[in-house]
Amino acid sequence: GLFGVPELSCPEGFQEAQDKALQESEQLVQKACSTPPGPETVMIFDQLSDGLCRVADLADFVKIAHPDFAFREAAEEACRNIGTVVEKLNTDVELCQSLRRLLADEIVMSSLDPETRRVAELFMFDFEISGIHLDEEKRKKAVNLNVRILDLCNEFLTGTHLPNKIDKHVLPEHIRYNFTAEGNYLQVAGLHADCPDDLVREAAYKIFLYPNAEQLSRLEELLASRNSLAQLVGYDTFAHRALQGTMAKNPETVRQFLEKLSDQLSKRTEKDFEMMTKMKMKLNPQNSKLMPWDHPYYSGVLRAERYNIDPGLYCPFFSLGACMEGLNSLFSQLLGISLYAEQTQRGEVWSEDVRKLAVVHETEGLLGYIYCDFFQRPDKPHQDCHFTVRGGRLRENGEYQLPVVVLMLSLPHSTRGAPTLLSPGMMENLFHEMGHAMHSMLGRTRYQHVTGTRCPTDFAEVPSILMEYFANDYRVVNQFARHYKTGQPLPKNMVSRLCESKKVCAAADTQLQVFYAALDQIYHGKHPLKKSTTEILKETQEKFYGLPYVPNTAWQLRFSHLVGYGAKYYSYLMSRAVASMVWKQCFAQDPFDRAMGERYRREMLAHGGGKEPILMVQGMLQKSPSVEDFVDALVSDLDHNFEMFIMDS
Numbered sequence: 250g251l252f253g254v255p256e257l258s259c260p261e262g263f264q265e266a267q268d269k270a271l272q273e274s275e276q277l278v279q280k281a282c283s284t285p286p287g288p289e290t291v292m293i294f295d296q297l298s299d300g301l302c303r304v305a306d307l308a309d310f311v312k313i314a315h316p317d318f319a320f321r322e323a324a325e326e327a328c329r330n331i332g333t334v335v336e337k338l339n340t341d342v343e344l345c346q347s348l349r350r351l352l353a354d355e356i357v358m359s360s361l362d363p364e365t366r367r368v369a370e371l372f373m374f375d376f377e378i379s380g381i382h383l384d385e386e387k388r389k390k391a392v393n394l395n396v397r398i399l400d401l402c403n404e405f406l407t408g409t410h411l412p413n414k415i416d417k418h419v420l421p422e423h424i425r426y427n428f429t430a431e432g433n434y435l436q437v438a439g440l441h442a443d444c445p446d447d448l449v450r451e452a453a454y455k456i457f458l459y460p461n462a463e464q465l466s467r468l469e470e471l472l473a474s475r476n477s478l479a480q481l482v483g484y485d486t487f488a489h490r491a492l493q494g495t496m497a498k499n500p501e502t503v504r505q506f507l508e509k510l511s512d513q514l515s516k517r518t519e520k521d522f523e524m525m526t527k528m529k530m531k532l533n534p535q536n537s538k539l540m541p542w543d544h545p546y547y548s549g550v551l552r553a554e555r556y557n558i559d560p561g562l563y564c565p566f567f568s569l570g571a572c573m574e575g576l577n578s579l580f581s582q583l584l585g586i587s588l589y590a591e592q593t594q595r596g597e598v599w600s601e602d603v604r605k606l607a608v609v610h611e612t613e614g615l616l617g618y619i620y621c622d623f624f625q626r627p628d629k630p631h632q633d634c635h636f637t638v639r640g641g642r643l644r645e646n647g648e649y650q651l652p653v654v655v656l657m658l659s660l661p662h663s664t665r666g667a668p669t670l671l672s673p674g675m676m677e678n679l680f681h682e683m684g685h686a687m688h689s690m691l692g693r694t695r696y697q698h699v700t701g702t703r704c705p706t707d708f709a710e711v712p713s714i715l716m717e718y719f720a721n722d723y724r725v726v727n728q729f730a731r732h733y734k735t736g737q738p739l740p741k742n743m744v745s746r747l748c749e750s751k752k753v754c755a756a757a758d759t760q761l762q763v764f765y766a767a768l769d770q771i772y773h774g775k776h777p778l779k780k781s782t783t784e785i786l787k788e789t790q791e792k793f794y795g796l797p798y799v800p801n802t803a804w805q806l807r808f809s810h811l812v813g814y815g816a817k818y819y820s821y822l823m824s825r826a827v828a829s830m831v832w833k834q835c836f837a838q839d840p841f842d843r844a845m846g847e848r849y850r851r852e853m854l855a856h857g858g859g860k861e862p863i864l865m866v867q868g869m870l871q872k873s874p875s876v877e878d879f880v881d882a883l884v885s886d887l888d889h890n891f892e893m894f895i896m897d898s
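Numbering (this note's numbering), first residue to last: 250 to 898.
Here it is as structure tokens:
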């Protein structure tokens, strides 16, 4: 069966696995309600969470990645059913009472260790977010709002990807071939950001981002419903609710962070835009005003012109085998961990090119499993991601339940003449996703509710982004990058050129992220919104970005992150700031420093989400970072490394 789960040897097995989980959950609910307050209460709650998550998390992965439609459909159904049960449990008054009795018992609470206390509080937070403390009528309203929000999220997400159609005669004949024809119409399915023809990018931008009335009303209803739910359960705004327990803690800190970062970036961003404008004048003298559809294209042109970084020059040095060796060697030196390929049983994997790795520590033994689903196949989603399939936890019998994760990438297959070769971007993504996997393997908490990457969003990206710093360091790359034919190492100046090229227009790229994060905060801030979502977009773009808003466009209707990262889009910037500080302070001097690797494991990875994120950062940096520290870390990353620069020149 899939992942070694015997029931899942066929799609119908999902029903069986789900029934089994629901039966167990009923028994555990009764047990929780009859157990006197104590550490066992938290243990039972965690068992309950584990039983449901083991089916839901696995189904979450299968529903998007399995090549067989019947499996995908069965998994989708299991997700929906378990989701409904979780909603019900989160509003089960009797179940909540058993936890409340524990939290109210000061003597018992003071005898619990910090992790158990935190997990009890997190379970309580889940209840409160669902409106458990409200009277029956309001509680029903909260459940209905939750259901409506889920539907709106799915509808909005679908709408963000739908192409827009336009009468083909509207576009000049010489650019029509760039778009898919459908009778008399052309379909525009994206921004064509890399197309060298300015007119194609302009047309794609104006057509793809043309406002769709249905999508607009979905977004408005989604934002209003989120706000109603947050206020119903006692928060000022949805952002206040979403940021509870995060590193930032509240919307005020996020606003401060984004505004200070924007101020620090503004001069550099202006310079970046000037460089892009000059490049546009050179290539297109008739129309040299820089527009939003120009930014991604001309920053790429500048990068390529200044540093010859054609991926084709790099790929031969980054065979998949070499990159995996590099990761193995890095983990072994830093953490005493090795990756071993393991034989899979029949029916355990969903595609024959999936590889299973055992993660083994030199003294602690087997820590868990990583299934590597690395290659392109039809119908496979194109995003690179990490899935928890089973969380780690200490079982009742004293054994540790080993974590199981999947890393999904979209790498090309090997050919007869060459192994799978990665571009520098693919190699960096592999390191990034492996950072998540190591967090899952080493976040060996007692409770699966806070295992591995089950931690606040603005902390969850720190381990993965930190791995990007390793992937861009010559000392690390030099250990594994070898030409697959000749065995020749990747020359040092090629690595430094690649690193320096990433800093070209990086201020403008960061500024764009600040604009998206600020927009997300305003949308999830005080309601009713003062203006329409499009007017807010225009205002925020002028304040936080600098390139003009284009009339009759509504970029926010394509902002798919509003679904999964509502009020938390800033997380990526804040995680990058922390990763940058950890890299500079702890690993820049020696990326293989075992003592630092152990400190990193002990202070940041070992706790999963079982400790407050800012305390983990303090433990690692041995000081409490301020908003200014975060901003300085991001801005100092933009500086060119002149020693390298001069050496290469």
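All C-beta atoms, glycine included, are put in the ideal place defined by N, C-alpha and C.
Bridge-paired residues (DSSP) for residue i
i    : result
T429 : Q436
H635 : L656
K605 : E591, Y620
S568 : L670
I586 : H610
N413 : V437
H650 : The question names His, but residue 650 is Gln in the sequence shown. Answer is R642, bridged to Q650.
L615 : V609
Residue i versus residue j - alpha carbon distance
i    : j    : result
Y798 : P541 : 8 Å
Q592 : K787 : 55 Å
S898 : C748 : Caution is warranted here: a pLDDT of 44 is assigned to S898, below 50, making its placement in the model unreliable, and the coordinate value is therefore given only provisionally. If I take the Cα positions, the gap works out to 15 Å.
R693 : A855 : 6 Å
K780 : I771 : 11 Å
Y765 : W804 : 10 Å
L887 : M845 : 25 Å
M896 : P874 : Annotation note: pLDDT 46 at M896 (below 50); position unreliable, no value reported.
G250 : H732 : 39 Å
T802 : H544 : 17 Å
S663 : Q737 : 20 Å
H610 : Y723 : 26 Å
L458 : M690 : 41 Å
V880 : G494 : 21 Å
R899 : P565 : Given that the chain is displayed from residue 250 to residue 898, the structure contains no residue 899 and the question cannot be resolved.
I456 : F428 : 11 Å
I785 : E791 : 10 Å
Q480 : E377 : 12 Å
M893 : M743 : In this predicted model, M893 has a pLDDT of only 49, less than 50, meaning its place in the structure is not dependable; the value taken from the coordinates is given anyway. Cα-Cα distance, rounded: 11 Å.
P661 : V699 : 35 Å
V334 : L472 : 25 Å
Residue from the options with nearest C-alpha to residue i
i    : options                : result
A686 : Y772, L576, M528, V419 : L576
S745 : N727, H732, V880       : N727
P534 : T495, D447, R644       : D447
M751 : S477, G549, F405       : Contrary to the premise, residue 751 reads as Lys rather than Met in this sequence. Of the candidates S477, G549, F405, the one whose C-alpha sits nearest the C-alpha of K751 is G549.
F793 : R731, S511, G815       : S511
P705 : Q594, K817, F567, R425 : K817
L401 : P800, D375, L811, S360 : L811
Y718 : E677, C754, L471       : E677
K629 : L271, S298, A314, T284 : A314
P659 : L715, P862, H635       : The question names Pro, yet the displayed sequence has Ser at residue 659. Measuring from the Cα of S659, the nearest candidate turns out to be H635.
S474 : C835, G774, T789       : G774
C282 : T333, C345, S258       : C345
V342 : P288, G859, G380, L539 : G380
E451 : R425, L472, E470       : R425
Q436 : K414, G300, T407       : K414
L806 : T284, V763, E355, F405 : F405
N557 : D769, H410, M869, V753 : V753
- Query: Can you list the alpha helix (DSSP H) stretches of 4 or more residues lying completely in the segment 810-889, in chain order?
  - Reply: 810-813, 820-831, 843-849, 862-870, 876-885
- Task: Decide if the segment 380-396 is in contact with the segment 312-329; the criterion is three or more beta carbon pairs, one per stretch, under 8 Å apart.
- Result: no
- Do three or more CB pairs link the segment 664-673 to the segment 819-839 at distances below 8 Å? no
- Item | Ordered list of beta strand (DSSP E) runs contained in the segment 723-794, each at least 3 residues | none
- Is the segment 273-285 touching the segment 305-315 in the sense that three or more CB pairs, one from each, lie closer than 8 Å? no
- Count the CB pairs spanning the segment 480-496 and the segment 438-447 that are closer than 8 Å, and state whether there are at least three. no
- Message: Using 8 Å as the cut-off, can you tell me whether the segment 814-828 makes contact with the segment 461-468, which would need three or more C-beta pairs spanning the two stretches below that distance?
- Response: no
- Would you check if the segment 610-624 and the segment 651-662 touch, i.e. whether three or more CB-CB distances between them fall below 8 Å? yes
- Ordered list of alpha helix (DSSP H) runs contained in the segment 313-399, each at least 4 residues: 318-338, 342-353, 355-360, 363-378
- Unbroken stretches of the alpha helix (DSSP H), 4 residues or longer, contained in the segment 437-478: 447-457
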